[in-house]
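In this note's numbering, the protein residues as written are 16 to 251. Cβ coordinates follow ideal geometry from the N, Cα and C atoms, glycine included. Report on one structure; see the data block that follows.
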Amino acid sequence: MTSAAGIDVKTVNLPDGRSVSYTLTRKPVKNINFRVSENGIVSVSANSRVSVKFIEELIEKRADFFLNAAERLKNRAELFEANLNSVRYLGRDYPVRIIENSREIAVLDESECRVFTKSKDKKYIKSLLENAVLTRFKALCEELDREVRNTLCEKGFPPPPAKITIKDMKSRWGSCSYYKGRISINSRLAAYPKETVLSVFYHEYAHFRCHDHSKAFYDFLLMIYPEYYEHNRTLK
Ligand SMILES: [Zn+2]
């Protein structure tokens, strides 16, 4: 076999039946260097004084490490192909990092989304990622709800009590059942900037005052949230 770079690929067969493939490049380097690539082949560079026998003994000794690294790289490549290499939250992409661990949870923090799982099932991993985003989004919606209610009170239009529900909706970004005092917010909004989510909150709260989409409705909405069009535009 020959690697993409035209270098011969050799194989070290392990006593337990597994095998490690490698390529050897002779370079005037001081140490023996190993690098595992996505296809599982170990690239070795060593100077011409190091024997092949010695290199193969080292590979056999470190076989577990190389095979694990290859497996991790392969998983990462697969997640990338399945579009699970990042999550989008509030208009920003966060890289996904899988940590082999039986906690079976994903956590979205300020810089990345860490997934603690032993599973390789992409559908399952996707559900963990969605939960991580939803947890953050629910907390944000509570904050935004308080903010909108405060603004409405300050401007002299105290809203009635409202129960906020976050759920996946097919055709609407939000809805307001003004008689029941319920507002639903589409969980898919989690991918959009915070101001866009805020614009949906203002829109739904404005329905407590005007039930339709009349001029009076938009006059009221723009009075309580003048940036409405600027931030809601992306949802059209
Ligand atoms: Zn509406």
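Beta carbon of residue i nearer than 8 Å to that of residue j
{"i": "S214", "j": "Y243", "result": "yes"}
{"i": "G189", "j": "P175", "result": "no"}
{"i": "I56", "j": "T40", "result": "no"}
{"i": "E53", "j": "L88", "result": "yes"}
{"i": "V44", "j": "E71", "result": "no"}
{"i": "L159", "j": "Y220", "result": "no"}
{"i": "I113", "j": "V102", "result": "no"}
{"i": "A78", "j": "V51", "result": "no"}
{"i": "H222", "j": "Y194", "result": "no"}
{"i": "A121", "j": "L149", "result": "no"}
Length of the line joining the Cα atoms of residue i and residue j
{"i": "L99", "j": "L204", "result": "18 Å"}
{"i": "L9", "j": "S126", "result": "There is no way to answer for residue 9, as the model of the chain reaches only from 16 to 251."}
{"i": "N46", "j": "P110", "result": "33 Å"}
{"i": "A97", "j": "I179", "result": "33 Å"}
{"i": "R151", "j": "H228", "result": "31 Å"}
{"i": "A177", "j": "R91", "result": "43 Å"}
{"i": "E75", "j": "T132", "result": "29 Å"}
{"i": "V65", "j": "F49", "result": "14 Å"}
{"i": "A154", "j": "F172", "result": "25 Å"}
{"i": "A206", "j": "E157", "result": "17 Å"}
{"i": "R248", "j": "S117", "result": "42 Å"}
{"i": "K230", "j": "L123", "result": "41 Å"}
{"i": "C128", "j": "K135", "result": "16 Å"}
{"i": "E119", "j": "D108", "result": "22 Å"}
{"i": "E162", "j": "N146", "result": "24 Å"}
Close beta carbons around residue i, own chain, < 6 Å, minus the five adjacent residues each side
{"i": "K209", "result": "L105"}
{"i": "L250", "result": "W188"}
{"i": "L94", "result": "N100"}
{"i": "L73", "result": "none"}
Expected contact under 8 Å - CB spacing of residue i and residue j to nearest Å
{"i": "V35", "j": "F81", "result": "5 Å"}
{"i": "K182", "j": "S199", "result": "6 Å"}
{"i": "C225", "j": "F232", "result": "4 Å"}
Which of helix, strand or coil DSSP assigns to residue i
{"i": "N201", "result": "strand"}
{"i": "I56", "result": "coil"}
{"i": "R64", "result": "coil"}
{"i": "Y207", "result": "coil"}
{"i": "R87", "result": "helix"}
{"i": "S134", "result": "coil"}
{"i": "L123", "result": "strand"}
{"i": "Y194", "result": "coil"}
{"i": "K25", "result": "strand"}
{"i": "L105", "result": "coil"}
{"i": "F232", "result": "helix"}
{"i": "V51", "result": "strand"}
{"i": "V44", "result": "coil"}
{"i": "N185", "result": "What sits at residue 185 in the sequence shown is Lys, not Asn. Residue state, collapsed to three classes: coil."}
Contacts around residue i, its chain only, beta-carbon distance under 8 Å, and the 5 residues preceding and following it disregarded
{"i": "T38", "result": "S18, A20, I22, D23, V24, K25, I56, V57, S58, V59"}
{"i": "K170", "result": "M238, I239"}
{"i": "K137", "result": "E93, L94, A97, L99"}
{"i": "H246", "result": "P208, E210, T211, L213, S214"}
Beta-carbon contacts of residue i that lie in its chain and below 7 Å, excluding the five residues immediately before and after
{"i": "K141", "result": "L99"}
{"i": "R164", "result": "P174"}
Which residues end up in the neighbourhood of ligand 2 when you take C-beta atoms closer than 6 Å to any of its heavy atoms?
Annotation note on ligand 2: not contained in the displayed structure, which lists ligand 1 as its ligands.
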